[in-house]
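*Asks:* Residue 147 in UniProt numbering sits at position 147 of the sequence shown; the count goes up by one each step and never skips. Just so it is clear, CB atoms sit at the ideal spot from N, CA and C, and this is done for glycine as well. It should be emphasised that the depicted structure is a prediction, and the values quoted were computed from it without experimental measurement.
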Amino acid sequence: MTAAQRREEPIKGHMVLMPTPPEGGFTARDLPRLMEVVDARFELLDGDVVMMAPSTHWHNEVIDILKFALRRIAPSWAVIATEQGVDLGPTVPEPDILAVTRTAVSAESLSFPPEVVHLVIEVMSPRTKTIDRVLRPAQYAEAGIKCFWRVKNEADAIVVYTFELLPEGGYAPTRIFRNRVKVDRPFPIDIELPDVTW
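1) Got a sec? Which residues, its chain only, sit under 8 Å from PRO126 by beta carbon, not counting five neighbours each side?
2) List the residues that DSSP assigns as beta-bridge partners of MET51.
3) Give the secondary structure of ARG29 by DSSP, where H, G and I count as helix, E and B as strand, and everything else as coil.
4) Using DSSP bridges, identify the partner residues of PRO173.
5) Leaving out the 5 sequence neighbours to the left and right, which residues in its chain are closer than 6 Å to THR101 when beta-carbon positions are compared?
6) When burial is assigned at 16 or more other CB atoms within 10 Å of the CB, is PHE68 buried or exposed?
7) What did DSSP end up calling GLU154 once you bin it into helix, strand or coil?
8) Pairs of beta-carbons, one from the region 136-143 and one from the region 174-186, closer than 8 Å: are there three or more?
9) For THR56, does the three-state DSSP call read helix, strand or coil?
10) Beta-carbon within less than 7 Å of ASP184's beta-carbon, same chain only, minus the 5 sequence neighbours each way: which residues are those?
11) Which class does THR101 belong to by DSSP, given the choice of helix, strand or coil?
12) Would you check if the distance between the CB atom of CYS147 and the CB atom of GLU122 is smaller than 7 Å?
13) Based on the DSSP secondary-structure assignment, which residues constitute the bridge partners of TRP149?
14) If I follow the unbroken alpha helix (DSSP H) through ALA138, where does it start and stop?
15) Pull up the distance between the alpha-carbon of PRO167 and that of LEU98, whole angstroms please.
16) Put ILE11 into one of helix, strand or coil per three-state DSSP.
Structure below.
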């Protein structure tokens, strides 16, 4: 079978219930009930349920590498969480990794208010470039989250772009890191960026 023949075959899938938003849209308070009926990963954007693109193996490996490296060095006041929401009201983006104030975390946590989120990290995938480069930084900066990292794949190597919130709003790029990340904020971080292998 040729590549052209494969492209013309119908795409198979399964039905996913897409809840109808109430007047004013869904908010973070609705997440527990939405998780019971939406059989896929999703986020809230302006009160609507938005399905999340599948992630690549490289993306998932990098999340694990960064999560465990940050957990080893995080101060006692911080928890390193993955794929939890940031509660912006009718919008609840779900960063790949967050550093959150420990006292805000419970076993039932699904999302966190932005004032307890000190770092958000987005690992780029081919299908999330615009979201990770444009939408997410704008959302996180507007919410007042001080530190943002965007992680990019360059020939299977981890490259970390770091940003800090400006007093007047928006993020300013601070550094580009290859092989090692060393920063002072949101807490002293000095971690190696190993090769991504499997």
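*Replies:* In brief:
1) Taken in chain order, the residues that qualify are THR56.
2) According to DSSP, MET51 bridges with PHE42.
3) Helix, per DSSP.
4) Answer is PHE163, bridged to PRO173.
5) Once the five neighbours on either side are set aside, the close Cβ partners of THR101 are VAL116.
6) Flag for PHE68 reads exposed.
7) The answer is strand: DSSP assigns GLU154 an E or B state.
8) Counting Cβ pairs under 8 Å, fewer than three are found: no touch.
9) Coil.
10) Cβ within range, chain order: n/a, list empty.
11) Strand.
12) In terms of Cβ geometry, CYS147 and GLU122 do not form a close pair [threshold 7 Å].
13) In the DSSP secondary-structure assignment, TRP149 is bridged to ILE121, THR162.
14) Counting along the chain, the alpha helix (DSSP H) containing ALA138 begins and ends at 136-142.
15) Looking at the two C-alpha atoms, the distance is approximately 21 Å.
16) In this structure, DSSP gives ILE11 a state outside helix and strand, which the three-state scheme calls coil.
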